[in-house]
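Take a look at the structure below.
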Amino acid sequence: MKALAIAWRDVRRQFRSGLLLLMMLGVPLLLTALLYFAFGSSRGGPSLQPTALAVLDLDRPPALAPVAVGRVLDAALASPELSALLRPQPATDLASAREAVRSGRLGALLVVPADATRSLLAGGSVELELVTDPARPLAAGVVRDVVQAVADGLSAGGVAASVTARLAADHGLPDATALALRAAGTLAAQGHDPAAATLTVVPPVAGGASLAQRMAAQVMAAMMIFFVFFTGAFGASAVLREQEEGTLKRLATTPTTAATQLGGRFLGIALTLLAQIAALLLASALAFGIAWGRPLSVALAAVALAVVAAGFGVLLLAFVRTSRQSGPVFGVVLTVTGMVGGLMSATMPDLPPAFRAASLFTPQGWAMEVWRGCMAGEGPAALAPTLAVTLLLGAGLLAVGVPLMRRRFAQGV
Amino acid sequence: MRIVGLRKRYREVVAVDGIDLEVAVGELVSLLGPNGAGKSTLMDLIAGVLRADAGEVEVMGHAVARQPMAARAALGVVPQDIALYPDLNARENLLFWGRMYGLRGERLERRTGELLDLVGLAGRQRDRVGTYSGGMKRRLNIAAALLHRPAVLMLDEPTVGIDPQSRRAILDYVQELNATGTTVLYTTHYMEEAAELSDRIAILDRGRVIALGTHRELTAIVGEHDRVTLELGDDAADADAAFVDLPGVHHVSAHDGRLELLASHGARLLPALFARAAERGIAVRSATLRQPDLESVFLHLTGRALRDDRA
Amino acid sequence: MRALAILRKDLVQVFRDRRALVFLLLMPLSFTLFFGLAFSGIGDTSHDARLQIGFVDGDGSPASARLFEELAASDAVRPERLNPRLADVAADLVRRGDDAAVVRVPEGWGTAVGAGAPKALEVVADAGSSTGLAAIGAVRAALERFLNAERAATVAAELVAARTATAPETLRSRALELARTAWSTPPLRVAATTAGAPEAGAPATTVSGFGSNPYDQASPGMIVQFAVYGLLLSATVLVIERRQGAHRRLLTTPTSRMAVVIGHALAMFVVVLGQILVLEAFGQLAFGVAYLQRPWATLALTLALALWSASLGMLLGAFARDEQQVVAIGLLAMFLFSGLGGAWFPLEITGPTFAAVGHLTPTAWAMDAYRAILLRGAGLAEVAPSLLVLLGFTLAFLALAVLRLRRVAS
Numbered sequence: 026m027k028a029l030a031i032a033w034r035d036v037r038r039q040f041r042s043g044l045l046l047l048m049m050l051g052v053p054l055l056l057t058a059l060l061y062f063a064f065g066s067s068r069g070g071p072s073l074q075p076t077a078l079a080v081l082d083l084d085r086p087p088a089l090a091p092v093a094v095g096r097v098l099d100a101a102l103a104s105p106e107l108s109a110l111l112r113p114q115p116a117t118d119l120a121s122a123r124e125a126v127r128s129g130r131l132g133a134l135l136v137v138p139a140d141a142t143r144s145l146l147a148g149g150s151v152e153l154e155l156v157t158d159p160a161r162p163l164a165a166g167v168v169r170d171v172v173q174a175v176a177d178g179l180s181a182g183g184v185a186a187s188v189t190a191r192l193a194a195d196h197g198l199p200d201a202t203a204l205a206l207r208a209a210g211t212l213a214a215q216g217h218d219p220a221a222a223t224l225t226v227v228p229p230v231a232g233g234a235s236l237a238q239r240m241a242a243q244v245m246a247a248m249m250i251f252f253v254f255f256t257g258a259f260g261a262s263a264v265l266r267e268q269e270e271g272t273l274k275r276l277a278t279t280p281t282t283a284a285t286q287l288g289g290r291f292l293g294i295a296l297t298l299l300a301q302i303a304a305l306l307l308a309s310a311l312a313f314g315i316a317w318g319r320p321l322s323v324a325l326a327a328v329a330l331a332v333v334a335a336g337f338g339v340l341l342l343a344f345v346r347t348s349r350q351s352g353p354v355f356g357v358v359l360t361v362t363g364m365v366g367g368l369m370s371a372t373m374p375d376l377p378p379a380f381r382a383a384s385l386f387t388p389q390g391w392a393m394e395v396w397r398g399c400m401a402g403e404g405p406a407a408l409a410p411t412l413a414v415t416l417l418l419g420a421g422l423l424a425v426g427v428p429l430m431r432r433r434f435a436q437g438v
Numbered sequence: 257m258r259i260v261g262l263r264k265r266y267r268e269v270v271a272v273d274g275i276d277l278e279v280a281v282g283e284l285v286s287l288l289g290p291n292g293a294g295k296s297t298l299m300d301l302i303a304g305v306l307r308a309d310a311g312e313v314e315v316m317g318h319a320v321a322r323q324p325m326a327a328r329a330a331l332g333v334v335p336q337d338i339a340l341y342p343d344l345n346a347r348e349n350l351l352f353w354g355r356m357y358g359l360r361g362e363r364l365e366r367r368t369g370e371l372l373d374l375v376g377l378a379g380r381q382r383d384r385v386g387t388y389s390g391g392m393k394r395r396l397n398i399a400a401a402l403l404h405r406p407a408v409l410m411l412d413e414p415t416v417g418i419d420p421q422s423r424r425a426i427l428d429y430v431q432e433l434n435a436t437g438t439t440v441l442y443t444t445h446y447m448e449e450a451a452e453l454s455d456r457i458a459i460l461d462r463g464r465v466i467a468l469g470t471h472r473e474l475t476a477i478v479g480e481h482d483r484v485t486l487e488l489g490d491d492a493a494d495a496d497a498a499f500v501d502l503p504g505v506h507h508v509s510a511h512d513g514r515l516e517l518l519a520s521h522g523a524r525l526l527p528a529l530f531a532r533a534a535e536r537g538i539a540v541r542s543a544t545l546r547q548p549d550l551e552s553v554f555l556h557l558t559g560r561a562l563r564d565d566r567a
Numbered sequence: 006m007r008a009l010a011i012l013r014k015d016l017v018q019v020f021r022d023r024r025a026l027v028f029l030l031l032m033p034l035s036f037t038l039f040f041g042l043a044f045s046g047i048g049d050t051s052h053d054a055r056l057q058i059g060f061v062d063g064d065g066s067p068a069s070a071r072l073f074e075e076l077a078a079s080d081a082v083r084p085e086r087l088n089p090r091l092a093d094v095a096a097d098l099v100r101r102g103d104d105a106a107v108v109r110v111p112e113g114w115g116t117a118v119g120a121g122a123p124k125a126l127e128v129v130a131d132a133g134s135s136t137g138l139a140a141i142g143a144v145r146a147a148l149e150r151f152l153n154a155e156r157a158a159t160v161a162a163e164l165v166a167a168r169t170a171t172a173p174e175t176l177r178s179r180a181l182e183l184a185r186t187a188w189s190t191p192p193l194r195v196a197a198t199t200a201g202a203p204e205a206g207a208p209a210t211t212v213s214g215f216g217s218n219p220y221d222q223a224s225p226g227m228i229v230q231f232a233v234y235g236l237l238l239s240a241t242v243l244v245i246e247r248r249q250g251a252h253r254r255l256l257t258t259p260t261s262r263m264a265v266v267i268g269h270a271l272a273m274f275v276v277v278l279g280q281i282l283v284l285e286a287f288g289q290l291a292f293g294v295a296y297l298q299r300p301w302a303t304l305a306l307t308l309a310l311a312l313w314s315a316s317l318g319m320l321l322g323a324f325a326r327d328e329q330q331v332v333a334i335g336l337l338a339m340f341l342f343s344g345l346g347g348a349w350f351p352l353e354i355t356g357p358t359f360a361a362v363g364h365l366t367p368t369a370w371a372m373d374a375y376r377a378i379l380l381r382g383a384g385l386a387e388v389a390p391s392l393l394v395l396l397g398f399t400l401a402f403l404a405l406a407v408l409r410l411r412r413v414a415s
C-alpha cells in the first residue's frame, strides 16, 4: 500500500524531530503539571496560609459594662476553629499597623472603634473597620468572610435582644429590657453552632475528583487542543518542506497517483494526531488521575479533534509561502484563535457569556465544547450535537483547504 | 522512447519548442545544452510531471499523457536536486522510494541492500542522510531511482558540484547500467561527459534540438574546422571585423575580451592571424588552438559558447 | 563605537521583518485585553454577574419561602425556582453549567427548622470547581443568616409568649418579621477597605483573587510574559549570525569580543525596553493601570526587567543551534517563566510550595515588584530587593552567555 508507506513516512518524520515531539507532548504535559502543582496542594479550594490579622482594640467600655465588644471579638477570633485561617495578634498603633498591612508585613488589620461597646449598649450599631493587604485580594476575601461570620455570630445576640424588646413592648410587657437581655443570654448560651447550618453537598457526578484534578483536566484538555492544532498545521505544512527538498517533485515522477499521495498524506496527519492525542490522554490519566469520560465518547472526541485540527492546518497552509514562515504564522494564528477559543481561560470561573459565544467562532472552541462534554461523562448521544458541529466544521475546512492545496501543489500532493 | 512535436510554454517563455526525439532500447543519449536550454523541462515532460501543451511522449510503448502510471513505472528519474529526506537514513529513504515504485516485501529488501552496496553506502545506511557529504547524497540520489530496475533511466545533471572521485563513480554506474541494457537519457552541460558516455548526443538550445547524432557525426558538422581562441583584453569588441576576411576563417564571434574563430586549418592560419593583429594594432595576450569538439559544434550552430562558466 | 554599529545592524534586522510588531506589541496587547476582560467577569457590576442557582422547593413551607428570599438577597447568587419534579435532573443542570448549583429543600425541612433541629439542606454542586465553591459558600452564608433570624425569632417569641395570651404562631411570625428587619442593620458591621494605593478605601474584591482592577494583574503579567517572547527575534538574529559564520568573521576584525557582546546585548535591551515602555503606557492610558503613581520605581523595574530579558536573549542566542531551536526553547522559557513566575495568576492563590518554587524564576520577582508598585504604591526603596534579585539573574545569565560565545568562537 503506497498510501500507507507515505503515511508512515510522515508519522516517522514528525516523531523523529525532537523539537516537534517536545511541542506535541512535552509542553502540554509540562504546562498541565505546572497548574496541577500550583493548585495541587489543596483539596476543595485554593490553599492559603493563615493570615496574620492585627486587632487594634480602641474600645473603651464604660465601667461595669456587662460586655466589651473588643474582648468578645478577640476571644471569638482566637477560637481554635479559625486557627487554620487566621493568626490574630494585638496591634497598638493605627498608623504603623496600616503601614504594615500596606507593605505586606501584615495580612489584615481589624479596628474596633472607641465607642463600640457604648453604642452597642445604647442599641446602636458598630462599624468594625477591616483593612486588608491590597496585593493579596484572595486572602483579603477570606479574612473578610471570616470576620463577617464572627461578627454575625455576635450580632445574633443583639438581634435577638432587639426583637424581644420590640415584641415585648408591642404587647405592653413592662420588663422589655430584662427580657431582651435574657434573649441575648439564651442565644449566647446556644453559641455559634456551626452544625446548625447543615448543608449536604451532592456532587453532580459520582466519584468526586479533587480540585487539582478538575483543574488539571480542564487545562490538559485545553493544552491538548492547543498543541494538537499545532501538530495539524505542521503536518499539513510538511508538503511545503517536501517541495523545498525536491522530494515532492520526485514523488511525481514515480507511478503514484495524486489520490494515493493525498490519501497517504491525510492518513499520516490523522495517525500523527491520533497518536499525539492518545499519548496525551494516557499520560495525563496516569500522571494526574484525570478521568476523561466514557471510552466511546473519548474515541469520538479524539477523532473529531483530529479532523478539525487537520482541516484548520490545511486551510492555514494557504497563508504560508515557505516552511520557514510556517513557525511564526502558525504561532500567531493558532495562539490568537486558541485564546479566543477559550483555551487560555479554561479554568477561569464565571467568564462573561460573550466569551463562550466568541469561542464558538473558532474551531478550537468547538473542540473544547466536545471535550468538556466528554469529561462531564456524557455518552455519545448527549455529545452528538457538538460532535456533529465539530466534525462538519472540520469537513468544511478540508473542503475549502484541500482544493487550494491541490491547485498550489499541482505537481502532486 | 519516442518524443513527437513536444511543446511547452510558461506564460511568455517557450521552454520546449517542438522537440522530436527517438531513443532506442539500450541506447544512451545525452542532452547537452546551456543552462535554460529546456533540458529540465523536457525531463519533466517525459516523466509526466508537467503536462505538454502539444505533442506526445511514449515510454516503452506507454503514452505518458494517457497511461502516466505505466510510463512512470518504466522510468527511473534522478532529479537535479538531492530529492531525499534528510531526516531519514539511507535505508529508510530507499525503502520508501522503492515502495513508491511498487516494490514490497523481500524483493524491496533485497534491492535496497544491493543498491546500498552498489553506491558504497552500506556501512552508513543507518545514518541520517542530512549528515552525508555532497558526493554521498548524489550517489544515494541515483540509487533511489534504480530500485525498480527501470527500463529507462533519466538523469538530470547528476554530477553538478561534486568531487572528481564521486563524479567518476557516477559515470561508471551509468555506463555499467547502460551496458546491462538500461536505456539512459543523460542531461548535462559538461560536454566531456556527453562525449565520453553517449551513443548519441542531442544538443538543445532555446527549447529546440539543434543537432542530434553520434559524437563523430556532430563534430563532422563543423567539418575539419579547428577552433582558435584569442585572448585580447579590452579592445576585443570590434576586433572580429579585423579577421573575418582572412582566408580559411569560417566564423568569428567576440565576447568577454575573447575572440572565437572557426577555421579550416587552424595551425596554418595562426601566422596570418598574428600578422593581421599586428597590422591593426590589436594586442593578443594568448592564443589557443583546439581540434573539433562539441563546444565548436555549439558555437558553429548558435554563434554562442556552450558555457559561460568555463572551468 | 563598534558596539553601536552592531546594535544598529541588529535593530535593522529585527524590524525589517514587519511581523516584529505583531510579536512585540499586538500579541501582548490582545492578550492583556483578553485576560483583563476575563478576570473582570466577577467584579463587574454593570450586569448581573451573580451565579445562577436552581432552587427546588420540596417542602413548600413558609420557612423554605423565607430561605428563598434570603438567597435572593445574596450578592453572589441569583436563585431561580425550579419545578420540584426537576429535582432528579439537578445534577444534569449543574454538570452542563446551566446552574452553578441546585439547592434542594427536603420535605419536612421547615417543620424541623421550627422545632430547632434543622434537617440538612442539599446542595448539588461541584466542590471541585471554583464556581461550585463560590455557590456553596453563598448558600451557606444565606442559610446561616436565615437560621440566625429563625433562632432570634424563636427565642423572642418563646419569652414573650410566656407572658401574654397571644397565640404563639402570631408572635413568632411577627418576631420573624422584626428579626429580618433587624438583620438588615445588624449591631456589628464590617466595613472592608484595602490599605494603600491606588485609592485607599476601594472595596476589597473577593473570589477572583485578581484585585479591583483586573488589569493590575493582566497588564504586568503580559508585559513580563512578552518580555520573554519578544526577544525571540533578537535572539534569532544572533543565531543566524553565528550559523552563517558572521560572528566568527566579526572576531577577525579589530573589534573586541566585549564590543560584540555588548552590541548584541544592547540591541536586545533596546528592543525589550521599547516594548515594555509602550505596553506600560498602554496599560496606564487604556486600562487604568497606575504605573505612573510611582514613576521612579516603575522606571527602575522597567530597566531591570529589560536588562534581564536581554541577558536571557543572549543566553538563548548563544546556546540555540538554529532558528527553530530559538523558537522552541524561547516558547518553553516563556511558558515556564510566565506560569511559575505568576504572570498568569498571582502566586498568592497557589500553594506555599508552588510560590516558593516560583520564586526561583526571575519573573516572579518582577511580578512581585509590579504588584507592589501597582497595588501597594511601593516606592523605589521598597521594590529594591526584588530588583536586586532580578539584576543578580541578569549577571548570571550574561556570564553564561559570554562563556558560551567564547567557546563557540574559539
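Those protein sequences? They're chains A, B and C, same order as listed.
Start counting the first sequence at 26; every next residue gets the next number (our numbering).
Start counting the second sequence at 257; every next residue gets the next number (our numbering).
Start counting the third sequence at 6; every next residue gets the next number (our numbering).
Glycine residues also receive a C-beta, built at the ideal position from the N, C-alpha and C atoms.
Nothing here was measured: the structure is a model prediction, and the numbers come from that model.
Chain B residues whose Cβ lies nearer than 7 Å to that of residue i
i	result
L45/A	By Cβ distance, chain B contributes nothing, its closest Cβ being about 10 Å from L45/A, past 7 Å.
Boundaries of the alpha helix (DSSP H) in which residue i is found, first to last residue
i	result
E328/C	E328 to L345
K393/B	G390 to A399
D412/B	First-last for D412/B: V408 to D412, but that is the beta strand (DSSP E), not the alpha helix (DSSP H).
Inter-residue spacing [alpha-carbon to alpha-carbon] between residue i and residue j
i	j	result
G391/B	V333/B	18 Å
P86/A	A93/A	6 Å
L60/A	V110/C	37 Å
T436/B	A333/C	51 Å
A100/A	A161/C	26 Å
S421/A	L16/C	The displayed chain sequence assigns Gly, not Ser, to residue 421/A. Near 43 Å, if we compare the C-alpha coordinates of L16/C and G421/A.
Proximity test, residue i beta-carbon vs the ligand MN heavy atom, cut-off 6 Å
i	result
R532/B	The ligand MN is not among the ligands present in this structure, which contains no ligands whatsoever.
Partners in chain A for residue i, counting only beta-carbon separations shorter than 9 Å
i	result
R254/C	Within chain A, no residue comes near R254/C; the closest Cβ sits about 23 Å away, beyond 9 Å.
A196/C	E152, L153, E154 and L155
Span of the beta strand (DSSP E), counted from its first residue to its last, around residue i
i	result
V361/A	It is not in any beta strand (DSSP E) - V361/A instead sits in the alpha helix (DSSP H) that spans S348 to V365.
L447/A	There is simply no residue 447/A to check, as chain A begins at 26 and stops at 438 in what is shown.
R514/B	R514 to A519
Per-residue contacts from residue i into chain C (C-beta, under 7 Å)
i	result
M49/A	Residues of chain C passing the Cβ test: none, with the nearest at roughly 11 Å.
Nonlocal neighbours in the same chain, by C-beta distance under 8 Å from residue i, ignoring five residues either side
i	result
A78/C	A147
V36/A	G293, L296, T297 and A300
Residues near residue i by beta carbon distance below 6 Å, same chain, minus five either side
i	result
A190/A	A201 and A205
I267/C	A8
T281/A	K27
G51/A	none
Sequence-distant residues of its chain with Cβ nearer than 7 Å to residue i (five each side left out)
i	result
G95/A	D82, D84, V137 and A141
Hey, which unbroken runs of the alpha helix (DSSP H) at 4 residues or more fall wholly within the segment 147 to 205 of chain C? Runs of the alpha helix (DSSP H) spanning 4 or more residues and lying entirely within the segment 147 to 205 of chain C occur at 173 to 189, in chain order.
Return the chain-ordered ranges of every alpha helix (DSSP H) run that is complete within the segment 248 to 330 of chain C and spans a minimum of 4 residues. Correct list: 251 to 257, 262 to 292 and 300 to 324.
Completely contained beta strand (DSSP E) runs for the segment 140 to 185 of chain A, where each covers 3 or more residues: List check, beta strand (DSSP E) in window: 151 to 157.
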